[in-house]
Amino acid sequence: MDYKLTRHRTDKISDAKVVAELKRVAEFYNFKKFTYHEFNKVSETCKGTTVLRIFGSWDKALEAIGQNLKERKTERTQIPTENFFREMDRIWTKLGHRPSKSEWEASSPQYSYSGIFKRFSGWTNACFQFVEWKMGKKVLDEKQEVAQKFSVEIKSQKFSTKRDIPLKLRLKVLQRDNFCCAFCGKSPATDHGTVLHIDHIKPYSKGGETELDNLQTLCQKCNWGKSNDE
Numbered sequence: 001m002d003y004k005l006t007r008h009r010t011d012k013i014s015d016a017k018v019v020a021e022l023k024r025v026a027e028f029y030n031f032k033k034f035t036y037h038e039f040n041k042v043s044e045t046c047k048g049t050t051v052l053r054i055f056g057s058w059d060k061a062l063e064a065i066g067q068n069l070k071e072r073k074t075e076r077t078q079i080p081t082e083n084f085f086r087e088m089d090r091i092w093t094k095l096g097h098r099p100s101k102s103e104w105e106a107s108s109p110q111y112s113y114s115g116i117f118k119r120f121s122g123w124t125n126a127c128f129q130f131v132e133w134k135m136g137k138k139v140l141d142e143k144q145e146v147a148q149k150f151s152v153e154i155k156s157q158k159f160s161t162k163r164d165i166p167l168k169l170r171l172k173v174l175q176r177d178n179f180c181c182a183f184c185g186k187s188p189a190t191d192h193g194t195v196l197h198i199d200h201i202k203p204y205s206k207g208g209e210t211e212l213d214n215l216q217t218l219c220q221k222c223n224w225g226k227s228n229d230e
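Under full-length UniProt numbering, the first residue of the sequence shown carries the number 1, and numbering increases by one thereafter.
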C-alpha cells in the first residue's frame, strides 16, 4: 500500500461553482463592484478565502464574472455651506480680522483648513464667498455700481485695460486689503451692514487703468462719499 501525506478533499468546490457564486453575489449587489467582506456577508457556497486561493486577487475574481461591474460611489453627507460660513463668522469675529491658516487651526474650528480649502477651491475663495454671504449680495466693482454713482466716460481716450474688474483681480484686491475698507477699516465680517466695492484709485474716466496698483477696497459709504476729483 502506498502511503501519502496529502489528503484528498471531498469538500473541494470547483472553479465553476465559485464563479457561479460570484455571479450570484454580483446580482445581489445590482452588478456593482463589491468587496471581499461584502462577499462574505451574503455568500452561500464558499468564502472569500476560497475565491482568493483560486484567482490570486480580488480584482481578478471580479473580472471572472464576465461583466463590467459598475463602480460604487461612496455616499457622503454634504455639509451645508452655511455651516462653514457660521464657523468662519465665529472665528473671524473673535480675531477681528481674516484668519490665517495658523490662526484658524489654533481656534479649535469645527472644520479643518484643508477641508474648507478643498470645498471652495482655495482659502481666499472661501473668504470671498463668506464676505458675500455676510453682505447678502455680491462684492461690486465700479462698473456694476456706475449707474448709482456719477461718472463720466471719455470715449475718445484709449485704455490698455477694460473697466470691468475680473473676479480673479477682485479677489487679489480683497486679499491684499484683508477684506476691509481702505478708508475706514470696516469689514462685512465684523461690521454688520457693511457692503464692499472694488474701486479705481485714479478714476477710469481720467485714465486710471484696471490694475492691482490702481484698485482698492472701499465700503459702499466711503466709495459713494468720495468724488472723482480726489
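We put the beta carbon where it would ideally sit given N, CA and C, even for glycine.
Go to residue i, then tell me how far its alpha helix (DSSP H) extends in each direction, as first and last residue.
i           : result
residue 174 : 167 to 176
residue 116 : 113 to 120
residue 91  : 81 to 95
residue 40  : 36 to 42
residue 28  : 15 to 28
Taking only three categories from DSSP, how would you classify residue i?
i           : result
residue 54  : helix
residue 216 : strand
residue 138 : coil
residue 60  : helix
residue 206 : helix
residue 221 : helix
residue 33  : coil
residue 125 : helix
Cutting at 8 Å between CB atoms, please list the residues of its own chain near residue i, excluding the five before and the five after it.
i           : result
residue 111 : 79, 83, 84 and 87
Output the boundary residues of the beta strand (DSSP E) element that contains residue i.
i           : result
residue 199 : 196 to 200
Leaving out five residues before and five after residue i in sequence, what residues of the same chain have Cβ atoms less than 6 Å from its Cβ?
i           : result
residue 228 : Note that residue 228 scores 49 on pLDDT, short of 50, meaning its location in the model is unreliable; the coordinates nonetheless yield the value given after this. So the qualifying residues of the chain are 203.
residue 117 : 123
Once the 5 residues before and after residue i are set aside, which same chain residues still bring their CB inside 7 Å of it?
i           : result
residue 43  : 21 and 25
residue 148 : Residue placement at residue 148 is poorly supported in this model, since its pLDDT is 43, which falls under 50; the coordinates still yield a value, given next. Same-chain partners within the cutoff: there are none.
Counting beta carbon pairs with one atom in the segment 165 to 174 and one in the segment 124 to 131, are three or more of them shorter than 8 Å? yes
Is it true that the segment 213 to 225 meets the segment 179 to 196, where meeting means three or more beta-carbon pairs spaced less than 8 Å apart? yes
Would the segment 60 to 69 count as touching the segment 16 to 35 if we require 3 or more Cβ pairs under 8 Å? A contact exists between the segment 60 to 69 and the segment 16 to 35.
Pair every Cβ in the segment 132 to 140 with every Cβ in the segment 188 to 197, then say whether three or more of these pairs are closer than 8 Å. yes
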